[in-house]
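Each residue of the sequence shown is one higher than the one before, starting from -17 at the first, in the working numbering. Here the structure comes first, spelled out in structure tokens, and everything after it is commentary.
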Amino acid sequence: MKLTRLADSHHQIRMARAGLSRVDTIILVATVVAVGLITLAGLRQIQRQSARVDCENNLRQIAVVFGPTTSPNEALRLAEAGRVAPAFQARGKQLTTPGALRCPQDRFRTRPAVFTHGFDDNAISYFLGLDVNDVHPRALLAGDRNLEAGGLPVAPGFVTVTTNQVLGWTRALHNRRGNLALADGSVQGLTSVGLQEAATQSGLATNRFAVP
């Protein structure tokens, strides 16, 4: 009888140890998964921040090339036809590389190595403002192409937006955010509300864009 009770006791101890081991394993696995998810979220946040910085740097290059000048801007005259590629080709030598015309988060755009072979609007992530001059330093010079006007996505080509239309960003690229270069050379990361305010403060009743 004593032997039976002793055996039962040993069995219960083994079961308790096994149970604790399983609980410990579950806790360990849950902890590892949680740490992994937190790390992954942090890495994605870093990648998004890096992409935004690269996008802003691209627009700074564009602002230097297409900023207001005292002489007529041939590149912007080309863009008035509604195609952005000829405008960038006209000033290509002043840009570091065609890669500067592609937003890192724009997976629908290619990245050609030169401004000749394979270079067209499908290589460009940014719209060009066509009303840049010395008189209006807050005019919208260039920005992410994921524009919407009046709640509808802006189609590629020559676009006219009046102050009566609400200008904003679509979810593409930066999830209803975007980067904008002004005629004074400054570059800003803006929400849709910020973009509308920038358009209102541009000093222009009508903003004309060439959208790739």
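Virtual Cβ for every residue (Gly too), placed ideally from N, Cα, C. If you're wondering where the values come from, they're calculated on a predicted model, not measured in any experiment.
Quick check on the burial criterion: 16 or more other C-beta atoms within 10 angstroms. Buried or exposed for residue i?
{"i": "ALA121", "result": "buried"}
{"i": "GLY143", "result": "The sequence shown places Val at residue 143, rather than the Gly named in the question. Buried."}
{"i": "PHE90", "result": "exposed"}
{"i": "THR98", "result": "exposed"}
{"i": "SER184", "result": "buried"}
{"i": "THR152", "result": "buried"}
{"i": "GLU179", "result": "exposed"}
{"i": "LEU83", "result": "buried"}
{"i": "VAL193", "result": "buried"}
{"i": "ASN189", "result": "buried"}
{"i": "VAL96", "result": "exposed"}
{"i": "ALA105", "result": "buried"}
Rounded to a whole number of angstroms, what is the C-alpha to C-alpha distance between residue i and residue j?
{"i": "ALA165", "j": "HIS156", "result": "22 Å"}
{"i": "MET(-3)", "j": "PRO86", "result": "Because the pLDDT of MET(-3) is 47, which lies under 50, any placement of that residue in the model is unreliable, and the number read from its coordinates should be weighed accordingly. Taking the straight line from one Cα to the other gives about 56 Å."}
{"i": "GLY160", "j": "ARG127", "result": "9 Å"}
{"i": "ALA72", "j": "ALA61", "result": "10 Å"}
{"i": "LEU134", "j": "ILE8", "result": "49 Å"}
{"i": "PRO94", "j": "ARG65", "result": "17 Å"}
{"i": "PRO50", "j": "PRO68", "result": "18 Å"}
{"i": "ALA131", "j": "GLY150", "result": "6 Å"}
{"i": "ASP116", "j": "PHE48", "result": "12 Å"}
{"i": "PHE70", "j": "GLY167", "result": "17 Å"}
{"i": "VAL59", "j": "ALA154", "result": "Correcting the residue type first, residue 59 is Arg in the shown sequence and not Val. So the two alpha carbons sit approximately 28 Å from each other."}
{"i": "THR195", "j": "ALA45", "result": "Outside the shown range of the chain (-17 to 194) lies residue 195, about which nothing can therefore be said."}
{"i": "LEU177", "j": "GLY100", "result": "32 Å"}
{"i": "LEU186", "j": "GLY74", "result": "28 Å"}
{"i": "GLU158", "j": "VAL148", "result": "Reading off the sequence shown, one finds Arg at residue 158, where the question assumed Glu. The straight-line gap from Cα to Cα measures roughly 14 Å."}
Quick check on this structure: which residue in the options has the alpha carbon closest to the alpha carbon of residue i?
{"i": "ASN39", "options": "GLY100, GLU62, TYR108", "result": "TYR108"}
{"i": "VAL169", "options": "VAL117, PRO138, ARG34", "result": "ARG34"}
{"i": "LEU123", "options": "LEU162, ALA105, ASP102", "result": "LEU162"}
{"i": "LEU129", "options": "ALA69, ASP88, LEU41, SER174", "result": "SER174"}
{"i": "GLY125", "options": "ARG4, GLN43, SER3", "result": "GLN43"}
{"i": "LEU41", "options": "GLY171, PHE191, LEU177", "result": "GLY171"}
{"i": "PRO138", "options": "PHE48, ALA63, VAL46, ARG59", "result": "ALA63"}
{"i": "PHE140", "options": "VAL148, VAL117, ASP103", "result": "ASP103"}
{"i": "CYS37", "options": "HIS118, ASP88, VAL46, ARG4", "result": "ASP88"}
{"i": "HIS118", "options": "SER3, ARG4, THR182", "result": "THR182"}
{"i": "VAL136", "options": "ILE106, LEU177, PHE191, ALA187", "result": "PHE191"}
Return yes when at least one heavy atom of the ligand SAH lies under 7 Å from the C-beta of residue i, else no.
{"i": "LEU83", "result": "Absent from the structure shown: the ligand SAH. Ligands present: none."}
* Three or more beta-carbon pairs under 8 Å between the region 73 to 87 and the region 112 to 121, yes or no? -> no
- In chain order, which continuous runs of the alpha helix (DSSP H) of length 4 or greater are located wholly inside the region 61 to 138? 67 to 72
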